[in-house]
Each structure stands twice: as C-alpha cells, then as structure tokens.
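See structure below.
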Amino acid sequence: MAPKYTNKLANQRVLIFGGTSGIGFAVAEAAFEHGANLVISSSNQAKLDKTVARLKEAYPAEFEKQTITTLVCDLSDAANLDTNLEKLFEAATDGGTVKLNHIATTAGNGLSLPKLAELTPDAIYNGMTVRYIAPAMMAKFIPKYVVNSPSSSFTITGGLRGQKPAPGWAVVTSSCCAVEGLGRGLALDLKPVRVNVVHPGAVKTELFSMFPGEQLEIMLKMFRDSSTTGTVGRPEDLAESYIYLMKDEFVTGSVIESNGGALLK
C-alpha cells in the first residue's frame with residue numbers, strides 16, 4: 008500500500024522565504040524530507056549556497072531526485088519590494104508555467120525595540136517591513152503564481168508577543184497582531200488557496216550566538232521558566248507546524264501557537 012500521509016508533499020513545489028537559517032531552514036529541511044521540490048529565498052547568495060550544501064550532505068539520495076532552486080530577494084528593501092518580488096515569482100515559476108503549491112515566510116530582521124519616547128514613523132515602518140508588509144505584498148502574486156486549489160497554502164509567521172505583550176515591545180506586539188489579521192483577511196481574499204499564521208514562542212536559533220555564554224544562559228533560563236514545558240523551542244519543533252499547515256487541506260484562516268505553553272503562565 009502506498010503511503011497516504013507521509014507523501015502528501017511529494018513533488019510539490021514549496022517556496023520558503025528566510026529558508027537559510029533558524030525556523031526557515033528547518034521548514035525547508037522538513038519539506039525536502041517529505042519529498043518536496045524547494046525554492047529557497049534569502050537576501051544573501053552565500054547563505055543560500057551554504058543551505059544547499061547542508062541539504063545535499065544530509066539528504067544525498069533525495070538530492071538526486073528532487074530540485075532545489077535558490078533566489079535572492081531582499082525583503083527589507085521597501086522601495087523596490089514590489090519589483091523584486093515580481094522578479095522572484097517569475098523566476099520561481101519559469102514565468103508562471105510551473106506554479107507553486109505552497110509558500111511559507113519565516114523571514115525576519117533584527118528586532119527593533121525603540122523606546123516609546125524615541126518612537127518615529129520610520130522606526131515603526133522599519134520594524135514591520137519584513138514581517139508584515141512583505142507578506143502582504145507576496146499575497147498579490149499568489150493568484151498568478153500558485154495553484155488555485157485548497158491543496159495550496161500560504162503560511163505567515165507572527166510571534167508570541169501578539170498574545171502576550173511585554174514592556175517595551177509595543178511595536179513588535181502590534182506587528183504580530185497585524186500579521187494575524189492579515190492571515191485571516193487573506194484567507195478570504197485568496198480562497199480557495201489556504202492562508203494561516205504560526206505564532207512561535209522563544210525558539211533557540213542561530214541569532215542566539217550573538218550573546219556571550221553567561222548572558223545566553225540567563226536568557227535561556229528565563230525562557231524555560233516562562234514556559235509550561237520548562238523548555239526552549241527548537242527550529243525542528245516549529246517546522247512541524249508549517250508542514251502540518253501545508254498538508255491539512257481543511258485548515259485556513261487559523262493560527263497555530265507553538266510556545267511551550269507560555270500563554271498559560
């Protein structure tokens with residue numbers, strides 16, 4: 008009997024923004040493991056090349072049968088975002104002849120936490136460009152470049168702070184809330200293509216390497232103490248949420264919270 012569940016993404020074409028590190032890389036890895044053909048986008052070609060090498064080393068047999076395409080797109084370049092995204096979608100689909108099945112964006116830049124007294128419109132805009140404005144702009148290309156079916160999906164990334172604000176995080180909180188609203192609205196505007204949101208909690212990614220050892224351990228302890236599970240998330244944990252949202256053709260306009268039960272504390 009042929010597998011009914013584990014091959015749902017076999018030969019599907021999956022585009023991942025921010026797929027070279029952290030949660031995005033784990034999503035790319037999981038989709039590739041499930042038999043998908045990948046299109047991975049990042050703002051840095053060197054990171055894309057490294058990602059392909061990592062996947063080739065981890066999955067040599069699959070690498071012979073499945074394809075990985077890499078495309079550079081700087082989502083923080085607001086002035087050229089529309090043009091750059093159009094070029095990316097054209098390249099990712101061979102001019103619209105080979106359409107995408109799924110899109111996931113986990114892209115993010117360094118968190119901007121301006122003090123309230125120092126807040127400016129530019130600071131707010133810059134804090135939301137990659138995480139909110141870019142996904143909104145991606146959506147306009149979906150009708151042309153994604154298979155028009157409930158088997159297709161678009162998954163956006165928000166964050167825990169939308170549900171659990173913290174002092175000094177007002178801009179980030181508002182961005183997370185905006186992403187959730189965007190996901191629900193797009194689920195109607197893009198139907199039958201499904202649109203959903205993942206809100207990660209504290210997840211240990213490569214970004215944590217910027218902190219010295221002692222400071223890092225203090226942070227990790229704080230994250231563990233604020234969770235119900237007593238753990239810090241791993242990228243491979245979060246990847247399951249994105250893969251699920253690609254595979255379940257009956258879920259849209261929904262939000263997945265993966266945060267170790269932090270909302271319970």
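Take the sequence shown: its letters are residues 8 to 272, numbered as in the numbering used here. Don't be surprised by glycine CBs; every beta carbon is placed ideally from N, CA and C.
Given a length threshold of 3 residues, each whole run of the beta strand (DSSP E) inside the segment 48-97 is given here in chain order: 75-79.
The segment 245-260 makes contact with the segment 157-164, as at least three CB pairs between them are under 8 Å. By the neighbour-count criterion, in which 16 or more other beta carbons inside 10 Å mark a residue as buried, E36 falls on the buried side. Within the same chain, and ignoring the five residues on either side of N91 in sequence, the residues whose Cβ sits closer than 7 Å to its Cβ are C80, D81, D84. Cβ neighbours of V178 within its own chain (closer than 8 Å, five residues either side excluded): S119, L120, P121, L126, A130, I131, G134, M135.
One Cα belongs to K72, the other to K151, and the distance between them is close to 27 Å. In the DSSP assignment, T164 is bridged to V205.
Measuring C-alpha to C-alpha distances from Q170 to each of K272, I30, K228 identifies K272 as the nearest. Restricted to the segment 122-194, the alpha helix (DSSP H) segments that are unbroken, complete and at least 4 residues in length are 128-135, 141-146, 149-152, listed in chain order. One alpha carbon belongs to V105, the other to G268, and they sit about 40 Å apart. At least 9 Å separates the beta-carbon of V239 from that of V204. Residue environment: N51 is assigned as exposed (fewer than 16 neighbouring CB atoms within 10 Å of its CB, all protein chains considered). One thing to note: F24 has its Cβ within 9 Å of the Cβ of A114. In the structure shown, the three-state DSSP call for S234 is coil.
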